[in-house]
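In full-length UniProt numbering, the protein residues as written are 1 to 750. Comments concern the structure below.
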């Protein structure tokens, strides 16, 4: 079966009149307490009924129905307790608003709508909090009552990313599984939309979402639920009413809250500086974005899936998820790239509003035949390590239907080359077996690269890839073999399970495995390095491989890991420190006062000498300039390179030499300066700090948008380790918890 060069998007039938989408936008008229709230305009829920007249249980939605990596499965973790009732602690409810609601066409039915907020409590077990309420997170709830009984509930969370930029994944994961899924699937570790969802030729989807999702508060809808026992009230537009009411309340709150009382001092200063320099409000503190991951509530589907086989259960749940997606699209939500997330913009000029629901991008479906029987699915479900069991069963089935793919999965690298060579000799280069794809639309090149088999990858590139079009073919997700491997490596680079917890391990990254780098090099058609090549060519090839190793996406990272923007940040901090402290060298007391925050890592004996030795003070300050000079020449500031740069100096008096030679060792001299520069850059980084105006204001003249962006822009820990410095974050917060549990015998690491 031939692999298409780009998967064609799947389109769904229209399910709603697009005129209903405008209803969700904030109204300037707010119903007063106890005023009857009549929904005007089109009832979007009634349109959904036309697609599923035979099923009245579709109107209960929750986030996230499946995990792309683990396969299909029911959402059974961290589900909300939907049955909100009057037993809720009233002191947890804040900013309560109540009104009456009448459904068009049903004047005899009067519903009570209650909107309120609650603040979640810090999760004590994971992060050792003290019970303080999260300032960055606020829960919004909408309840619908009829005859005094709660019949429906909607839950959304308002998220201020600026408070948690540096630990975005960690903080989101600590709240709920839904929040974790949202964070890890469409955002990077700093809460910015994944670059591939903005610019990848396939993964960007409709292409209407971009940098606007990087900043501003998020309103994340976790569930919309009209209870099963109140099924007669479904398809009356009550779900739409609750969603609209929450959005309008949040937007009104943002508009009313013009003060900076919820911002830190640094954030307030950054906001004021931006407005002063550019004459417009800083959008990252005002623009609201609504997001959701449509799914289903397991509890709501239990009566339907009971006694059904796995295939039937899957069909029921997929239908429920599609209905949930159609519901949100009827309100104006549109898919973010090729992800499972939908977003809504309150900007009436946003291009997403020009896309009708029927025209919204739909990811391609996997056309590979159903690979597991019900018995095999049951075996996988019963296994402790489900993913490994799935791989084992699938590999056995491939042996008969796709023998080359089977060899690519189970054989050693060199044996796989022999198998492919034999097949080529018998069947030739035009054999359809070379173009065959397995589940996910992966061809042979996707598979062998994913398995980190450089010999086989190289063999395919040299003998088969061009004629069969393997290297440019895209799988169901839209990835070529090179992109697919890069994507998999980035996942392994950034996240890992600690026990049952998914953790951000970005700061522990020290480079991709050598076999994977060799596969990337082969897929890039990078020649093998040999002694006959000119030194300039060898240097260029070494740099290219280094960039592959460290995940560089700009092509300009110094030695593969220092990106242009990080270089700019480090140079700025080095020069600023050198300039601000040079004038105080003559006055020991003033110099000490100015530098006290910059000498934290200087060995203690040298610190004491600073008080009495002007030469040492000047030499220490000059070392900052050495670092800046190296970076400006696109040289990594390792100890070796800094010494070489120092040897080029013709300095008199030799103050820098005096500093480097004091106590008879270089240990800690350069490192003290580098650690301070990195700390200052990270503390003032817009992503790592979340409040600094460094790039956007203080260095406005630099015009950061003209400096090439890169995947490694904010990976300070990775760069520090690559330069030989100690890693300030060698473990994740959850490692500490697991270690303590292991000591108490609660966790078995075997």
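Glycine residues also receive a C-beta, built at the ideal position from the N, C-alpha and C atoms.
Top-ranked residue by Cα proximity to residue i, from the options
| i | options | result |
| --- | --- | --- |
| residue 194 | 139, 323, 338 and 482 | 338 |
| residue 169 | 187, 154, 509 and 479 | 187 |
| residue 661 | 620, 677, 627 and 682 | 620 |
| residue 248 | 201, 362, 142 and 531 | 142 |
| residue 147 | 469, 161 and 101 | 101 |
| residue 644 | 654, 651 and 630 | 630 |
| residue 296 | 228, 554, 625 and 636 | 228 |
| residue 157 | 109, 218 and 97 | 218 |
| residue 246 | 153, 658 and 387 | 153 |
| residue 651 | 641, 671 and 622 | 622 |
| residue 216 | 287, 356 and 440 | 287 |
| residue 469 | 492, 560, 435 and 501 | 435 |
| residue 444 | 489, 398 and 425 | 398 |
| residue 230 | 359, 149 and 462 | 149 |
| residue 780 | 657, 250 and 336 | The requested residue 780 does not occur in the structure, where the chain is confined to residues 1 to 750. |
| residue 200 | 383, 462, 373 and 480 | 480 |
| residue 190 | 177, 175 and 171 | 171 |
| residue 301 | 535, 313, 423 and 290 | 313 |
| residue 440 | 298, 405 and 626 | 405 |
| residue 764 | 493, 335, 334 and 294 | Examination of residue 764 is not possible in this model, given that the chain is present from 1 through 750 alone. |
| residue 502 | 175, 161 and 724 | 175 |
| residue 410 | 456, 523 and 327 | 456 |
| residue 525 | 459, 575, 513 and 493 | 459 |
| residue 506 | 581, 550 and 667 | 550 |
| residue 114 | 446, 573, 617 and 155 | 155 |
| residue 166 | 348, 683, 725 and 720 | 683 |
| residue 97 | 203, 252 and 729 | 252 |
Cross-strand partners of residue i (DSSP beta bridge)
| i | result |
| --- | --- |
| residue 153 | 143 and 225 |
| residue 503 | 496 |
| residue 363 | Paired residue(s): none; residue 363 is not in a bridge. |
| residue 103 | 106 |
| residue 562 | 558 |
| residue 219 | 158 and 290 |
| residue 344 | 290 |
| residue 94 | 117 |
| residue 193 | 187 |
| residue 137 | 159 |
| residue 234 | In DSSP, residue 234 forms no bridge with anything. |
| residue 335 | 342 |
Span of the beta strand (DSSP E), counted from its first residue to its last, around residue i
| i | result |
| --- | --- |
| residue 114 | 106 to 118 |
| residue 612 | Per DSSP, residue 612 belongs to no beta strand (DSSP E) and is neither H nor E. |
| residue 521 | Counting along the chain, residue 521 falls outside any beta strand (DSSP E), though it belongs to the alpha helix (DSSP H) covering 514 to 523. |
Extent of the continuous alpha helix (DSSP H) run through residue i
| i | result |
| --- | --- |
| residue 550 | It is not in any alpha helix (DSSP H) - residue 550 carries neither H nor E in the DSSP assignment. |
| residue 317 | 310 to 330 |
| residue 302 | 298 to 305 |
| residue 676 | 669 to 683 |
| residue 716 | 716 to 722 |
| residue 464 | Counting along the chain, residue 464 falls outside any alpha helix (DSSP H), and DSSP gives it neither H nor E. |
| residue 250 | 238 to 256 |
| residue 377 | 374 to 382 |
| residue 479 | No alpha helix (DSSP H) contains residue 479, which DSSP labels as neither H nor E. |
| residue 171 | 168 to 173 |
| residue 756 | In the structure displayed, the chain extends from 1 to 750; residue 756 sits before or after that span and is not available. |
The region 324 to 343 contacting the region 204 to 223, beta-carbon criterion three pairs below 8 Å: yes
Inter-stretch contact (C-beta, 8 Å, three-pair minimum) for the region 707 to 717 and the region 563 to 578: yes
Entirely enclosed beta strand (DSSP E) segments - the region 391 to 461, minimum 3 residues: none
The region 173 to 183 in contact with the region 531 to 546 per 3-pair CB rule at 8 Å: no
Runs of alpha helix (DSSP H) lying entirely within the region 590 to 649, each at least 4 residues, in chain order: 604 to 610, 614 to 632 and 639 to 647
Stretch-stretch touch, CB-based, cutoff 8 Å, three pairs: the region 517 to 527 with the region 448 to 458: yes
Validate contact between the region 413 to 432 and the region 479 to 488 using beta carbons, cut 8 Å, 3 pairs: no
Stretch pair the region 596 to 614 + the region 669 to 682: three plus CB contacts closer than 8 Å: yes
Three-pair Cβ contact test at 8 Å for the region 459 to 478 versus the region 360 to 368: yes
Inter-stretch contact at 8 Å, needing at least 3 Cβ pairs: the region 549 to 560 / the region 607 to 614: no
Three-pair Cβ contact test at 8 Å for the region 304 to 324 versus the region 373 to 386: yes
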